[in-house]
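Remarks on the structure that follows.
Residue numbers (our numbering): 17 to 211.
Okay, here's the thing in C-alpha cells:
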C-alpha cells in the first residue's frame, strides 16, 4: 500500500546552518581615482593595514554544495599621513549577503563565494577633517578552506577581496571633500559552529 511505498522513498538530507566568528588582517590598498569636490585636488591616498573582526550566519541547503550567508566585517584602514598632511581616521564596516559554493566533504571543505551589500565608511573629526560618513554599494569575492575538528565545530582560513567607492563630500566643511575607490584584500581565520 501507500505505507510500503513511503518506506522506500529516500530520506531527504537535512539542511545545515552555521554561525562563525572571524578575524584577521585587512591589507588595504590605496584609495584610488581620488577626486576632490569643491575644487580640491587630490592624489591617491595610501591606507594602513589593520585588524579585521566580524561574524557570519549561514545556511547550506540539504547538506549540499550551495549556500547563502550573511556577514559583518569591521576594520580601521586609516589614511596614512604625509609630510604635507596628517593622517585621517577611517572606519569601514561591511554588511554583505554572500552566495557560497563548497565541496561538502566530511573533514575538509574548500569553498568560494561572491556577494555584496552596504559598505559603511566613517571619517573621524580630527586633523582638519570633519566627521563624515558614506554608505556605498560594495562587492566581495573570497576563497577558503574549512576543516572540521569535531562533527559540529570547524576552523577555516580565507582570502577575501572587497571593493567600494566612497564619497566624503563634507570632509573639509565648506571647502568640500573627496571621493575614491576603496580596494582591500583580507586574510581571515575563524571558527564556525554547525548545526
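Glycine residues also receive a C-beta, built at the ideal position from the N, C-alpha and C atoms.
All values derive from a computational prediction rather than experimental measurement.
Please state whether DSSP places residue i in a helix, a strand or coil.
i           : result
residue 78  : helix
residue 189 : helix
residue 249 : There is no way to answer for residue 249, as the model of the chain reaches only from 17 to 211.
residue 107 : strand
residue 147 : coil
residue 93  : coil
residue 25  : Residue placement at residue 25 is poorly supported in this model, since its pLDDT is 37, which falls under 50; the coordinates still yield a value, given next. Looking at residue 25 - three-state DSSP - the assignment turns out to be coil, as it is neither helix nor strand.
residue 98  : coil
To the nearest angstrom, how far is it from the Cα of residue i to the Cα of residue j?
i           : j           : result
residue 27  : residue 78  : Confidence at residue 27 is low in this model, with a pLDDT of 43, below 50, so the placement of that residue is unreliable and no value is reported for it.
residue 76  : residue 208 : 13 Å
residue 124 : residue 116 : 15 Å
residue 159 : residue 191 : 42 Å
residue 23  : residue 121 : Here the model assigns residue 23 a pLDDT of 42, short of 50, so the residue's position is not dependable, and the following value carries that caveat. Those two C-alpha atoms are separated by around 28 Å.
residue 107 : residue 137 : 6 Å
residue 171 : residue 71  : 13 Å
residue 20  : residue 110 : Reliability of the predicted coordinates at residue 20 is poor, the pLDDT of 43 falling under 50, and the value obtained from them is presented with this limitation in mind. The straight-line gap from Cα to Cα measures roughly 52 Å.
residue 166 : residue 210 : 10 Å
residue 152 : residue 113 : 15 Å
What span of residues does the beta strand (DSSP E) with residue i cover, start to end?
i           : result
residue 41  : 32-44
residue 65  : Taken as a continuous stretch (DSSP letters only), residue 65 belongs to no beta strand (DSSP E), as it is neither H nor E.
residue 165 : Segment: none, residue 165 is in no beta strand (DSSP E) and carries neither H nor E.
residue 48  : 48-52
Taking DSSP's pairing of strands, which residues face residue i in a bridge?
i           : result
residue 71  : 37, 88
residue 160 : 127, 174
residue 184 : 194
residue 205 : 39, 173
Examine the Cβ distances between the stretch 40-60 and the stretch 80-95 and report whether three or more of them are shorter than 8 Å. yes
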